[in-house]
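Those letters in the sequence shown? Residues 3 to 832, per this note's numbering, in order. Idealized CB from N, CA, C, for every residue including glycine. Computed from a prediction, not measured in an experiment: that's the story for all the values here.
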Amino acid sequence: MQLAVLVIFLLAALTPSLNSRLQARTSLLLALVPAALTVWFASHIPLIAGGDIVVHEYPWIPGLDISLTMVLDGLSLMFAMLICGIGTFIVLYAGSYLKGHQDLGRFLTILLAFMGSMLGLVLADNLITMFVFWELTSITSYLLIGFNHQSPDARKAALQGLIVTVGGGLALLAGIALLGTAAGSYSLQEIFNSSEVLTEHPLYVGMLICLLLGAFTKSAQFPFHFWLPNAMAAPTPVSAYLHSATMVKAGIYLMARLHPELGGTELWVITLTSFGAFTMLTGAFMALRSTDLKKLLAYSTIMALGTLTFLLGIGTELAMIAFAAYLLAHSLYKGALFMLAGIVDHETGSRDVRHLGGLRKVLPVTAICTLIATLSLAGIPPLFGFVAKELLLESMLDGALSFILMAMVILSSIFIVVVAAVVAIRPFFGAYKAPNEHVHEAPRMMLAGPVVLVLLSLVAGLVPALAGDFITLPASHVVAGYNVEGYLALWHGINLPLIMSIVSVGLGLLLFKFWDPVRESLKVLDPVIKRGPESGYFHFMDGIVKLADWQTRQLQDGSMRNYLRTIILTFIAVTGYTLFARYQIHWNWDVNFYFHEIVTVGILVAAALAACITTSRLGAVAAMGAVGFTVALIFILFSAPDLGITQILVETLTVILLVLVLFRLPSFSNISTMAERVRDAFVALLTGSLITLLIMITIDVQLFEPISGYMIENSQPLAYGRNIVNVILVDYRALDTLGEIFVLALAAMGVYAMIKFNPETLPGANHYAGTLILPPKQLPEKDIVHSLDEIHQQMLEDQNIVESQEERENGDDHSEKNSNKQEDADKEGR
Numbered sequence: 003m004q005l006a007v008l009v010i011f012l013l014a015a016l017t018p019s020l021n022s023r024l025q026a027r028t029s030l031l032l033a034l035v036p037a038a039l040t041v042w043f044a045s046h047i048p049l050i051a052g053g054d055i056v057v058h059e060y061p062w063i064p065g066l067d068i069s070l071t072m073v074l075d076g077l078s079l080m081f082a083m084l085i086c087g088i089g090t091f092i093v094l095y096a097g098s099y100l101k102g103h104q105d106l107g108r109f110l111t112i113l114l115a116f117m118g119s120m121l122g123l124v125l126a127d128n129l130i131t132m133f134v135f136w137e138l139t140s141i142t143s144y145l146l147i148g149f150n151h152q153s154p155d156a157r158k159a160a161l162q163g164l165i166v167t168v169g170g171g172l173a174l175l176a177g178i179a180l181l182g183t184a185a186g187s188y189s190l191q192e193i194f195n196s197s198e199v200l201t202e203h204p205l206y207v208g209m210l211i212c213l214l215l216g217a218f219t220k221s222a223q224f225p226f227h228f229w230l231p232n233a234m235a236a237p238t239p240v241s242a243y244l245h246s247a248t249m250v251k252a253g254i255y256l257m258a259r260l261h262p263e264l265g266g267t268e269l270w271v272i273t274l275t276s277f278g279a280f281t282m283l284t285g286a287f288m289a290l291r292s293t294d295l296k297k298l299l300a301y302s303t304i305m306a307l308g309t310l311t312f313l314l315g316i317g318t319e320l321a322m323i324a325f326a327a328y329l330l331a332h333s334l335y336k337g338a339l340f341m342l343a344g345i346v347d348h349e350t351g352s353r354d355v356r357h358l359g360g361l362r363k364v365l366p367v368t369a370i371c372t373l374i375a376t377l378s379l380a381g382i383p384p385l386f387g388f389v390a391k392e393l394l395l396e397s398m399l400d401g402a403l404s405f406i407l408m409a410m411v412i413l414s415s416i417f418i419v420v421v422a423a424v425v426a427i428r429p430f431f432g433a434y435k436a437p438n439e440h441v442h443e444a445p446r447m448m449l450a451g452p453v454v455l456v457l458l459s460l461v462a463g464l465v466p467a468l469a470g471d472f473i474t475l476p477a478s479h480v481v482a483g484y485n486v487e488g489y490l491a492l493w494h495g496i497n498l499p500l501i502m503s504i505v506s507v508g509l510g511l512l513l514f515k516f517w518d519p520v521r522e523s524l525k526v527l528d529p530v531i532k533r534g535p536e537s538g539y540f541h542f543m544d545g546i547v548k549l550a551d552w553q554t555r556q557l558q559d560g561s562m563r564n565y566l567r568t569i570i571l572t573f574i575a576v577t578g579y580t581l582f583a584r585y586q587i588h589w590n591w592d593v594n595f596y597f598h599e600i601v602t603v604g605i606l607v608a609a610a611l612a613a614c615i616t617t618s619r620l621g622a623v624a625a626m627g628a629v630g631f632t633v634a635l636i637f638i639l640f641s642a643p644d645l646g647i648t649q650i651l652v653e654t655l656t657v658i659l660l661v662l663v664l665f666r667l668p669s670f671s672n673i674s675t676m677a678e679r680v681r682d683a684f685v686a687l688l689t690g691s692l693i694t695l696l697i698m699i700t701i702d703v704q705l706f707e708p709i710s711g712y713m714i715e716n717s718q719p720l721a722y723g724r725n726i727v728n729v730i731l732v733d734y735r736a737l738d739t740l741g742e743i744f745v746l747a748l749a750a751m752g753v754y755a756m757i758k759f760n761p762e763t764l765p766g767a768n769h770y771a772g773t774l775i776l777p778p779k780q781l782p783e784k785d786i787v788h789s790l791d792e793i794h795q796q797m798l799e800d801q802n803i804v805e806s807q808e809e810r811e812n813g814d815d816h817s818e819k820n821s822n823k824q825e826d827a828d829k830e831g832r
């Protein structure tokens, strides 16, 4: 299984090279790999249906409990077959849909990487590995949605999807960390097989909230649903793949995978059923208002995702069977419908159902496939969507839910029938209407996917036991955490779910008859909808920009003094609060001072104060030298002569360098008031006191055995050196010493450059220093952006001005010299 994921990524890396050689035939070759993987995964169906699990272990970072172990069970098998099977047709479809496109190779590369990321996500056993693939799906989907990067709408939609899903990914990472801490492992198999009851753990609530945030953002649950319809800015192959088998199903997969350990609690049931039902109704209602084919299907996907979340919240055995059946049914008809909508758009140049009609005459195969797929969408027999819908209604009645939730589900069912009727009837029946006169049936490669998927949906509906026994029931066992009892059937007799289904279809068809006036009347809700979650997203993004602008103006003012003061005050506040509020400090330190120690410290303090208050640069250098040499004396007094010698050498070198550049540096300037200097002195004293206190506390703290014993014992046997300090520097800390040497070399080069630098040699230097580099307080209110061409032109003009001035000055000097020579000659003559 690791090889299966790796092969797809390797194929993605090779795609640009293959596309440059094969051109239009590239997609045919690339489709062979996911097709072969589909067959390989399908070969495991008898084994998985028998209750076995296939595990391929591969350690990645054992020290951090991270592995590339892959697991194939009922749930991951169904997802893997959908990803690879539908992915095969998506690759074929994309090759024909984007035929002749200059960036087809780039598109296929990202598409295959997206496929590999999703496949790795559903097969991964380790939670950290799953998260890596989770984020890869976000990144690759961002590139796919923004494929037409010349379009502002595509870029905007791609960024919106990335921010929402990656923001949820951060919450998911926190949830995974909490889950791993509570369970003691990041392996799903170990978590499921452990006796730890996670629902009773103190971290359960926080863990569940973080995990559900990640799942809800990925699977477009309310209020994070708005990014999914906007993602229709992507090419149709992306939309078809995104909605049927990949990206948006990742959050559903995560909730289903964790259901055995985290589900069943009151918090789980209330959260998932409430958000799921509201997402169902939101998606169906928004689809009712739309006229764009892809938007209609996108909002119906939101409805389906809400349905799957709703079923996971119910949590009964019947709901688990309904969950797996609905997941399969939705993948089959939704992948077909999106590809069919793309055919209509590709051939007519429009996706607006108001401008289309009668296309069944010129697109007969497309019309038949759309009709069959929409029957499954509406839940009408004998399609597999009807089987899943019956199970949904029966699970709702069996779940003892509130009347409000059941009303939402029934209302959503009515609305989705209207949507199915609009997609099936408006473009293909009635008077012929098409913006493009030359409409003809799509190529075979674009029709292959829809034809196969609608046939599978029809066969699964006619023989539901075939899909149930081998695909959906094994997945239901995994989601439930035990073997559930049930079966799939097309006919369960005349019962309440069937009656509810008939009523919803009838009311939906009646509402479809008045769809145009109803849709127009719903426009009164536009002001409310415009202030919905998407508006909140844009306000949030604007708020981040304003906060960043305010923060930058407050903190990034160009003053190093302010930067240091902010950093130090933050350190004092955080460290000081933690130290005094959460720990007890014992003040009974027994410290004896000798007279010579007091004198040494007095000299050190006096030298430091002199360096701070002196107005003489030479005096400041001398005072800092006294500080350094006093520190060397302290080292020597406390039996560290090697450190003392090093300090003396460094201090001597520093003083010499400072003296060399002393007379080339500008003089001291008074840039602060007395009040500011008093404030800075107080901050400095506060910092020094806190550091001293921390050092005094750590003297009595011994968490581990000192490492000095190891150094003393192993200096000669391992490093063949008796000078322990030298051994530490050149053996145990060799890279650290190398880094210090590198830093010193850089500092030396910087000092040399500063010595050789003469700003007066730059023409117009004073001019640019005055106009282009403004003091912080002189910055204008609005940003002024100069293009490089404008700056270059300004420099040339100023250069000419400088040269003209020099020529005039040289001319004046020459005239003056001639005049002086003439006067001298006259004097000599006289």
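Beta-carbon proximity of residue i to residue j, cut-off 9 Å
i	j	result
V419	S506	yes
I345	M448	yes
T318	T248	no
L125	V168	no
A51	F386	no
G76	L475	yes
T90	N128	no
V680	I574	no
Simplified DSSP state of residue i, which is helix, strand or coil
i	result
D559	coil
D400	helix
I10	helix
L5	helix
G848	Here the chain covers residues 3 to 832 and nothing more, so residue 848 does not appear.
A436	coil
P384	coil
K784	Note that K784 scores 41 on pLDDT, short of 50, meaning its location in the model is unreliable; the coordinates nonetheless yield the value given after this. Looking at K784 - three-state DSSP - the assignment turns out to be coil, as it is neither helix nor strand.
I775	For I775, the predicted structure reports a pLDDT of 40, less than 50, and the residue's modelled location is therefore unreliable. A value from the coordinates is still provided. In the structure shown, I775 sits in coil (DSSP, three-state: anything other than H, G, I, E or B).
W493	coil
I63	strand
N768	Only weak support exists for where N768 lies, its pLDDT of 48 falling under 50; the value from the coordinates is given anyway. Three-state DSSP puts N768 in a helix.
S22	helix
H58	strand
I673	coil
D105	coil
G690	helix
Whole-number beta carbon distance between residue j and residue i, since they are thought to touch under 8 Å
i	j	result
F133	L106	Wrong, their Cβ atoms sit about 31 Å apart, outside the cutoff.
M322	V486	6 Å
I10	S333	That pair is no contact at about 19 Å.
V727	D644	5 Å
L295	A343	4 Å
Burial state of residue i (16 or more Cβ within 10 Å)
i	result
T700	exposed
A747	exposed
K297	buried
A26	exposed
A14	buried
E59	exposed
T694	exposed
L84	buried
Residue i Cβ short of 8 Å to the ligand ATP heavy atom set
i	result
F135	As for the ligand ATP, it is missing from this structure, which has no ligand bound.
Q: Would you check if there are 3 or more beta carbon pairs closer than 8 Å linking the segment 89 to 98 to the segment 210 to 217?
A: no
Q. With a cut-off of 8 Å, do at least 3 Cβ pairs link the segment 224 to 240 to the segment 257 to 269?
A. no
Q: Could you say if the segment 667 to 674 and the segment 610 to 623 meet the contact criterion of at least three C-beta pairs nearer than 8 Å?
A: yes
Q | Cβ contact check for the segment 524 to 544 and the segment 405 to 417: 3 or more pairs under 8 Å | A | no
Q. Using 8 Å as the threshold, is the segment 286 to 293 in touch with the segment 238 to 257, meaning 3 or more CB pairs across them?
A. no
Q: Could you tell me whether the segment 274 to 286 touches the segment 235 to 245, where touching means 3 or more Cβ pairs closer than 8 Å?
A: no
Q | Cβ contact check for the segment 424 to 435 and the segment 356 to 373: 3 or more pairs under 8 Å | A | yes
Q.
Check whether the segment 452 to 468 and the segment 384 to 399 are in contact - that is, three or more C-beta pairs closer than 8 Å.
A. yes
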